[in-house]
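**Q** Before anything else, here's the structure in question.
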Amino acid sequence: MGADVLGVEMLLLDAGLLVTLYAMWRTVRASAAAPAAMLPWASLAVGLYGAGVWIFLQPMQMRGMMMMH
Amino acid sequence: MRVVSLVAVTLLVAAGALADGGIVRARHSEGPFTITVFTAADRVLAGPVDVSVLVQDRADGAPILDGRVTVELASASAVASATHDAATNKLLYAAWLDVPPGRSDLRVRVERGDETASVDVPVWAGPATTRLGHYWPHLLLPPIAILLFVLRDYLASVRRGSMGVRAGT
């Protein structure tokens, strides 16, 4: 059961990243900015996605441990 | 709006409550003790497994903190002393045990003075695979979606370009 929940969590992270990138792309297209202007924010979004995946891949007891040190 | 509400309510449905990141593997009353054995909430995999034990007074349910608790695997002849220091929740005794793949019988023994009690807990450990090894297909979704989106955008621009050339001629 826990494994299935983790799969759904990962898919939700995937969806969050894709929606974020799409919103950025729409914003850039609607403005006069060059597409490269979204790169820093896209990097931040990908970094947050990577951090989320890393946390989800930790055993349950290890999640949030970094905050406690 | 109704669909959004339905999805929101569906996501709120919980399968069960898990306390302190662990699930109860066994609960047994013997002599003056009630012993509850926990392991991590996730599927048990071969390798180091965190085993936590709650020892209570059988009569009033008060936690017993001055007992001596050992955890052993009969099949691997491994014995570990469970302590409060190793436990996040200081009401529990905890120890790490190396569990081989397959079925193992975990024996938890509690001693306090002349009183002893033990409980056997069957544990099925899956093969030692990393979570990343199990969930890597989920990580392919964003790059594939981005690739398809870029491809669609590129084809649309090519089509617009060719239509512009045709209109100009």
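Protein sequences appear in the order of chains A and B.
The first sequence: position 65 = 64 (numbering that gives the first Met the number 0), numbered continuously.
The second sequence: position 9 = 8 (numbering that gives the first Met the number 0), numbered continuously.
Quick reminder that beta carbons are idealized off the backbone N, C-alpha and C, glycines included.
Note that the structure is predicted; figures quoted are calculated from it, not measured.
Would valine 52 of chain A count as contacting chain B if we go by Cβ distances under 8 Å?
**A** Cβ-Cβ to chain B under 8 Å: yes for valine 52 of chain A.
**Q** Do valine 70 of chain B and alanine 58 of chain B come within 8 Å of each other at the CB atom, strictly closer than that value?
**A** No; because the gap between Cβ atoms is not below 8 Å, this pair is not in contact.
**Q** How many Å lie between arginine 106 of chain B and arginine 130 of chain B at the Cα?
**A** Near 28 Å, if we compare the C-alpha coordinates of arginine 130 of chain B and arginine 106 of chain B.
**Q** Would you check if the region 45 to 56 of chain B and the region 89 to 106 of chain B touch, i.e. whether three or more CB-CB distances between them fall below 8 Å?
**A** Touching, per the Cβ criterion.
**Q** Taking a Cβ distance cut-off of 9 Å, strictly less, list which residues of the region 12 to 39 of chain A are near chain B, in chain order.
**A** Listed in sequence order: Leu12, Asp13, Ala14, Leu16, Leu17, Leu20, Tyr21 and Trp24.
**Q** Hey, glycine 46 of chain B and alanine 127 of chain B: beta-carbon distance below 8 Å or not?
**A** The answer is yes: Cβ separation under 8 Å.
**Q** So, is the C-beta of leucine 5 of chain A closer than 8 Å to a C-beta in chain B?
**A** Judged by the 8 Å Cβ criterion, leucine 5 of chain A is in contact with chain B.
**Q** Quick check: what's the CA-CA separation for isoleucine 24 of chain A versus alanine 7 of chain B?
**A** The amino acid at residue 24 of chain A is misidentified as isoleucine; the sequence shows tryptophan. So the two alpha carbons sit approximately 27 Å from each other.
**Q** Could you check the C-alpha separation between phenylalanine 148 of chain B and methionine 37 of chain A for me, to the nearest Å?
**A** Cα to Cα, the separation comes out at about 16 Å.
**Q** When burial is assigned at 16 or more other CB atoms within 10 Å of the CB, is methionine 162 of chain B buried or exposed?
**A** Burial call: exposed.
**Q** DSSP has glutamate 110 of chain B in a bridge; who is on the other side?
**A** According to DSSP, which records beta bridges pairwise, glutamate 110 of chain B is partnered with B:Arg67 and B:Thr115.
**Q** If distances are taken between C-alpha atoms only, which option among A:Gly6, A:Leu10, A:Val4 and A:Arg28 comes closest to proline 141 of chain B?
**A** Measuring from the Cα of proline 141 of chain B, the nearest candidate turns out to be A:Leu10.
**Q** Determine, using beta carbons only, whether leucine 56 of chain A comes closer than 8 Å to chain B.
**A** Yes, leucine 56 of chain A lies at the interface with chain B (some Cβ there is under 8 Å from its Cβ).
**Q** Bridge partners of leucine 13 of chain A, per DSSP?
**A** The sequence given here has aspartate at residue 13 of chain A, not leucine. BP columns for aspartate 13 of chain A are empty, so no partner.
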